[in-house]
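Heads up, the thing below is written out as structure tokens.
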Amino acid sequence: MILEHEAILIAISQVAVAFIGFTGVVSVLGRRNQGTWTPEERLQLRVLVEVSLTALFGSLSPFLFAELFDAEINVLMASNGLLGALHASNFVAFSLRTRSATPTRSQRILGVVGILTILAHFMAAFGLLDWLGFVLIFGLIQQLIVASHNFVLLLFPISSSA
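According to my numbering, the sequence shown is numbered sequentially starting from -1.
See below:
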């Protein structure tokens, strides 16, 4: 089965792998290579890695589900369900980590967008939304936006109120 969004999914997986590779660059920058990470920097690094991995596996999951289901609608529903679950677990982990690290205002705003995206994934997974492909691609791109945002925060630290 050829997936309608195959080229986009492959491109997203490649960008996600690049972000995962950037974590090595980030880890040797500045004083962080001496083991003096702030709680906020650890939060940003973990978010960068986790959402990049979510984008990677989320973009590859339709290929797996295409082997299980004949109808593309079932592939997209299952893919949205998996991406929603991965995204929700990231959000829970982020929320728990904010007990010891103060997120930036922009991270909190992206968190609100994340909650809405998670809801859209689950609605798509249960057939309550018609735009299954759009929701999947939007959610994957949203994960890349979060990854790029945290990468920038690590490169150019700002105060927690920003």
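For every residue, glycine included, the Cβ atom is placed at its ideal position computed from N, Cα and C. Note that this is a predicted model, so its numbers are computed, not measured.
Where residue i and residue j are concerned, what is the direct C-alpha to C-alpha distance, given to the nearest angstrom?
{"i": "Ser93", "j": "Glu39", "result": "15 Å"}
{"i": "Ala161", "j": "Phe17", "result": "This structure gives no information on residue 161, because the portion of the chain shown stretches from -1 to 160."}
{"i": "Trp35", "j": "Ile107", "result": "24 Å"}
{"i": "Gln141", "j": "Ala64", "result": "22 Å"}
{"i": "Ala5", "j": "Thr96", "result": "36 Å"}
{"i": "Arg56", "j": "Ser98", "result": "Residue identity differs from the one stated: residue 56 is Gly in this sequence, not Arg. Cα to Cα, the separation comes out at about 29 Å."}
{"i": "Gln12", "j": "Pro37", "result": "29 Å"}
{"i": "Phe120", "j": "Asp68", "result": "21 Å"}
{"i": "Ala122", "j": "Ala91", "result": "23 Å"}
{"i": "Phe132", "j": "Ile71", "result": "12 Å"}
{"i": "Thr21", "j": "Val73", "result": "31 Å"}
{"i": "Pro60", "j": "Ala76", "result": "8 Å"}
I believe residue i touches residue j by the beta-carbon criterion, under 8 Å. Please report the beta-carbon distance rounded to the nearest angstrom.
{"i": "Leu151", "j": "Thr100", "result": "The pair is not a contact, with the Cβ atoms about 12 Å apart (cut-off 8 Å)."}
{"i": "Asn88", "j": "Leu134", "result": "About 16 Å; that fails the 8 Å criterion."}
Over the uninterrupted alpha helix (DSSP H) stretch that includes residue i, give me the two end residues.
{"i": "Phe61", "result": "37 to 66"}
Check whether chain B comes within 8 Å of residue i, counting only Cβ atoms and requiring the distance to be less than that.
{"i": "Ile8", "result": "Among the chains in the structure shown there is no chain B, since it carries only a single protein chain."}
(request) Give, in chain order, every unbroken run of the beta strand (DSSP E) that is at least 3 residues long and sits entirely within the segment 71 to 97. (result) none
(request) Enumerate, from N- to C-terminal direction, the unbroken alpha helix (DSSP H) stretches of 4 or more residues contained entirely within the segment 111 to 137. (result) List check, alpha helix (DSSP H) in window: nothing returned.
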